[in-house]
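**Q** Just so we're aligned, residue 469 is where the sequence shown starts under the working numbering, counting upward by one. C-beta: ideal position from N, C-alpha, C; glycine also.
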Amino acid sequence: MTGDTISQVPVGLLTCQHTPYLKQFTTSVLSCSKKPNKQKLYEVQLLDTILFPEGGGQPCDFGTINETIEVKNVQRVGTSHIHYTTAPIEEGAEARLEVNWKRRFDHMQQHSGQHLVSAVLEQPEFGWDTVAWGVNDKWCYVELTKAPTPEQVQAVEERLNLYIRRDYPMRITFTDERPSTLPKDYTGPNGVYRIAEIMEDLDVIADEQDPVGAKQREKEEQEKGTPTYRKRNLARLDCNPCCGTHIKSLKDLQCIKMLHQEKIRGANCRLFFAVGQRALNLLHETYQVTRDLTPVLSAPGGPETFVDTVVKIQKQGRDSHKQAKTLFKEIATYVVRDWAQELKDKNSLQEGGSAPGYLIKYHREDADMDFLVVLTSLLKDNELLLGNRIFVLSTGEKKEGGPMIVTGQNEDLVKKVAAEISKFVEVKGGGKGRWQGKSKSWKGLDAAYTAAESLVNTETA
Ligand SMILES: [Zn+2]
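(1) Hey, how far is the Cα of Trp-607 from the Cα of Leu-750?
(2) Mapping DSSP to helix, strand and coil, what is Asp-760?
(3) Compute the minimum distance between the beta carbon of Gly-712 and the heavy atoms of ligand 1, and state whether it is under 7 angstroms.
(4) Identify the residues that DSSP records as bridge partners of Phe-493: which are they?
(5) With distances taken from CA atoms, which of Thr-777, Thr-762 and Asn-736 is nearest Trp-596?
(6) Taking the C-alpha atoms as reference points, what is the distance between His-789 and Leu-847?
(7) Just to confirm my understanding: we take Gly-471, look at its own chain, exclude 5 residues before and 5 after, and list those with CB closer than 8 angstroms. What are they?
(8) Please list the terminal residues of the continuous beta strand (DSSP E) segment that includes Asn-541.
(9) Could you give the uninterrupted runs of the alpha helix (DSSP H) lying entirely in the region 615 to 647, keeping only those of 4 residues or more?
(10) Run the CB neighbour count on Ala-800, radius 10 Å, all protein chains shown included, and call it buried at 16 or more, exposed below.
(11) Does DSSP put Thr-470 in a helix, in a strand, or in coil?
(12) Contact check, Thr-483 vs Ile-518 under 8 angstroms by CB: the rounded distance?
(13) Which of the three DSSP states is assigned to Arg-902 in this structure?
(14) How many angstroms separate the CA atom of Gly-912 from the CA atom of Gly-820?
(15) Buried or exposed: which applies to Pro-488, given that a residue is buried once 16 or more other Cβ atoms fall within 10 Å of its Cβ?
(16) Can you tell me where the beta strand (DSSP E) with Phe-594 in it begins and where it stops?
(17) Give the single residue among Glu-511, Gly-546 and Arg-544 whose Cα lies nearest to the Cα of Glu-538.
(18) Using 8 angstroms as the threshold, is the C-beta distance between Asn-534 and Leu-509 below it?
(19) How many whole angstroms separate the CB atoms of Thr-495 and Ala-563, which I take to be in contact at a CB cut-off of 8 angstroms?
(20) Any heavy atom of ligand 1 within a distance shorter than 7 angstroms of the CB on Asn-708?
(21) With respect to the alpha helix (DSSP H) encompassing Arg-786, which residues constitute its N-terminal and C-terminal limits?
(22) Counting along the chain, where does the beta strand (DSSP E) carrying Asn-708 start and finish?
(23) Sorted by chain position, which residues of the same chain lie with C-beta nearer than 8 angstroms to Met-638's C-beta, five sequence neighbours on each side aside?
(24) Should Gly-524 be listed as close to ligand 1, given that the test is whether its C-beta is under 7 angstroms from any heavy atom?
(25) Any idea if Met-469 is buried or exposed, counting beta-carbon neighbours within 10 angstroms, 16 or more meaning buried?
(26) Determine the burial state of Arg-805: buried for a count of at least 16 other Cβ atoms within 10 Å of its Cβ, exposed for fewer.
(27) Starting from Gln-818, follow the beta strand (DSSP E) in both directions and report where the run begins and ends.
(28) Does the CB of Lys-725 have a neighbour CB from chain D at under 8 angstroms?
(29) Enumerate, from N- to C-terminal direction, the unbroken alpha helix (DSSP H) stretches of 4 or more residues contained entirely within the region 808 to 882.
(30) For Ala-682, verify whether its CB is less than 7 angstroms away from any heavy atom of ligand 1.
(31) Excluding the 5 residues preceding and the 5 following Pro-657 in the sequence, name in chain order all residues of the same chain whose CB lies nearer than 6 angstroms to its CB.
(32) I need the straight-line Cα distance from Thr-536 to Gln-476, nearest angstrom please.
(33) Is Ala-674 a contact residue of ligand 1, with contact defined as CB to any heavy atom under 7 angstroms?
(34) With a CB to CB cut of under 6 angstroms and the five nearest residues on each side skipped, what residues in its chain are close to Gly-524?
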């Protein structure tokens, strides 16, 4: 072959496409970029591949070359293909490929599953055309031009799983008629295009409809000697141009679970579903959540009672919150009444109604900012904010901190007291007139009180 340019096996005829169950494969390296790209990956052209290049809605495969080099991406350019690898490979070298089978088989299940979902939806008794489809690592959907009812979705799901039980074959054929849905840059290799077909097995259907006759036919075959495998009597259920990697027959889908719907682009809807292992994973996850929730919610009735239980708990929460708010308001009036008495005894007013320097400090662990706001408004209502009186109010647990309000008539003094407190407690805040802040911990609050007290004394002496 020296002197000749060896050309790649084109997309459409790749080994991953005609033998999708092959997990290991040896091919050769046609070229490799000298330097890595921005993602630190090398661009490698292989002769052929078992790693599917992204296309037709199916994500690309991952895998390895020669055991240690990772393939992080495979892309199609026209009918050629590029592998993006973590290390360079010498041109002409042997490339032993291994596909990440778990990822690939999942994609095969979802993609073939989508073909079946669309095929069933298209049947005359349902009559929905699929206008788009999508898959990622979490979900799968088909986009329809109108939303089916829950009963219709249920009927579709039953039909899907019936076909899976019948294990209809899926096969690839070729056509030389260019399908209109193909991407513009894709020219079929040798002018042919792949078609993915789902075949109905008419013998299986006949046996289902006539079990006695089926038994008889089986017996006759056995009496003839070695049972000969009947040539299967197949009819086309569905066909679609497709470049993807597909399962051999529907048993490899295991099962399909239809999920929720979402509105999109006006009247269109996305109908979500999970195929095979994904359906099992989903069942496992949701089952585990219900197991975990049952004791937490104290809902011994199980999942059916969860919604009622949560609604009840939420109502209880709202009621308790309302009750606590009323009680705190009441507590606030008592607290302010005590202050009024304390001020009357120890901070008697000067002539003209002004008050000498005095500090009132108050901390309550189980209250919140709302409570402090109620206190400050009561101070105003009761005309206690006079002269050089300063109120330092805070709430929250010692370790967690919480909100603080410093208030008084003398704005300058309020500012100074807040600054003094910040030296002892890690509290950030500001504001004109009323100082408002938040701390991460109330460690040092006692020391802050002492310092604030002596500041008020010296400033107003
Ligand atoms: Zn397809």
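**A** Once the coordinates are examined:
(1) Locating residue 607 in the sequence shown gives position 139, counting from the first residue. Locating residue 750 in the sequence shown gives position 282, counting from the first residue. Using only the alpha carbons, I get a separation of about 10 angstroms.
(2) In the sequence shown, the residue the question calls residue 760 occupies position 292. Helix at Asp-760.
(3) In the sequence shown, the residue the question calls residue 712 occupies position 244. Distances from the CB of Gly-712 to the heavy atoms of ligand 1 include at least one below 7 angstroms.
(4) Along the sequence shown, read from residue 1 onward, the residue named residue 493 stands at position 25. BP columns for Phe-493 point to Leu-565.
(5) Residue mapping note: residue 596 aligns to position 128 of the sequence shown, counting from 1. Minimum Cα distance to Trp-596 is reached at Asn-736.
(6) Here residue 789 is taken as the residue at index 321 of the sequence shown, counted from 1. Here residue 847 is taken as the residue at index 379 of the sequence shown, counted from 1. Taking the straight line joining both Cα atoms gives about 24 angstroms.
(7) Translated into positions along the sequence shown, residue 471 becomes position 3. Here Gly-471 scores only 42 on pLDDT, less than 50, and its place in the model is too uncertain to base an answer on.
(8) Here residue 541 refers to the residue found at position 73 when the sequence shown is read from its first residue. First-last of the beta strand (DSSP E) with Asn-541: 537 to 545.
(9) The region 615 to 647 contains, as complete alpha helix (DSSP H) runs of 4+ residues, the segments 618 to 634 (chain order).
(10) One-based indexing of the sequence shown puts residue 800 at position 332. That one is buried.
(11) Along the sequence shown, one-based indexing puts residue 470 at 2. Any reading at Thr-470 must be qualified, since the residue scores a pLDDT of 42, below 50, and its modelled position is unreliable; no value is offered.
(12) Start at 1 with the first residue of the sequence shown, and residue 483 comes out as number 15. Start at 1 with the first residue of the sequence shown, and residue 518 comes out as number 50. Contact check for Thr-483 and Ile-518: beta-carbon distance about 5 angstroms, within the 8 angstroms limit, so the pair qualifies.
(13) For the purposes of this step, residue 902 is identified with residue 434 of the sequence shown, where counting begins at 1. In this structure, Arg-902 counts as coil in the three-state DSSP scheme.
(14) By 1-based counting over the sequence shown, the position of residue 912 is 444. By 1-based counting over the sequence shown, the position of residue 820 is 352. About 37 angstroms.
(15) For the purposes of this step, residue 488 is taken as the residue at position 20 of the sequence shown. Answer is buried; the Cβ neighbour count reaches 16.
(16) Counting from 1 along the sequence shown, the entry for residue 594 is found at position 126. Counting along the chain, Phe-594 falls outside any beta strand (DSSP E), and DSSP gives it neither H nor E.
(17) In the sequence shown, residue 538 corresponds to position 70, counting from 1. Cα-wise, what sits closest to Glu-538 is Glu-511.
(18) In the sequence shown, residue 534 corresponds to position 66, counting from 1. In the sequence shown, residue 509 corresponds to position 41, counting from 1. No; because the gap between Cβ atoms is not below 8 angstroms, this pair is not in contact.
(19) The count along the sequence shown starts at 1 and reaches residue 495 at position 27. The count along the sequence shown starts at 1 and reaches residue 563 at position 95. Going by Cβ atoms, the distance from Thr-495 to Ala-563 rounds to 5 angstroms, so yes, they are a contact pair.
(20) Indexing the sequence shown from 1 puts residue 708 at position 240. At least one heavy atom of ligand 1 is nearer than 7 angstroms to the Cβ of Asn-708, so yes.
(21) On the sequence shown, residue 786 is found 318 positions in, with the first residue counted as 1. Counting along the chain, the alpha helix (DSSP H) containing Arg-786 begins and ends at 774 to 814.
(22) Stepping through the sequence shown from its first residue, residue 708 is reached at position 240. In this chain, the beta strand (DSSP E) harbouring Asn-708 covers 702 to 709.
(23) Here residue 638 corresponds to residue number 170 of the sequence shown, with the count starting at 1. Around Met-638: Ser-580, His-583, Ala-664, Glu-665, Ile-666, Met-667, His-714, Ile-715, Lys-716, Ser-717 and Leu-718.
(24) For this step, residue 524 is matched to residue 56 along the sequence shown. Yes - ligand 1 has a heavy atom lying nearer than 7 angstroms to the Cβ of Gly-524.
(25) Position 1 of the sequence shown, counted from the start, is the residue given in the question as residue 469. Note that Met-469 scores a pLDDT of 38, beneath 50, so its modelled location is shaky and nothing firm can be said.
(26) Sequence index remark: in the sequence shown, residue 805 carries index 337 (1-based). It counts as exposed.
(27) Here residue 818 refers to the residue found at position 350 of the sequence shown. Careful: Gln-818 lies outside any beta strand (DSSP E) and carries neither H nor E.
(28) Absent from the structure: chain D. Only one protein chain is present.
(29) The alpha helix (DSSP H) runs of length 4 or more contained entirely in the region 808 to 882 are, from start to end of the chain, 837 to 849.
(30) For the purposes of this step, residue 682 is taken as the residue at position 214 of the sequence shown. Checking every heavy atom of ligand 1 against the Cβ of Ala-682, none is found closer than 7 angstroms.
(31) Sequence index remark: in the sequence shown, residue 657 carries index 189 (1-based). Around Pro-657, the same chain offers Pro-478, Gly-480, Leu-481 and Thr-547 as residues with beta carbons nearer than 6 angstroms, after the five sequence neighbours per side are excluded.
(32) Here residue 536 corresponds to residue number 68 of the sequence shown, with the count starting at 1. Here residue 476 corresponds to residue number 8 of the sequence shown, with the count starting at 1. A straight line joining the alpha-carbon of Thr-536 with that of Gln-476 spans about 23 angstroms.
(33) For the purposes of this step, residue 674 is taken as the residue at position 206 of the sequence shown. Incorrect: Ala-674 has no Cβ contact closer than 7 angstroms to ligand 1.
(34) Start at 1 with the first residue of the sequence shown, and residue 524 comes out as number 56. Here the set comprises Cys-710, Cys-711 and Gly-712.
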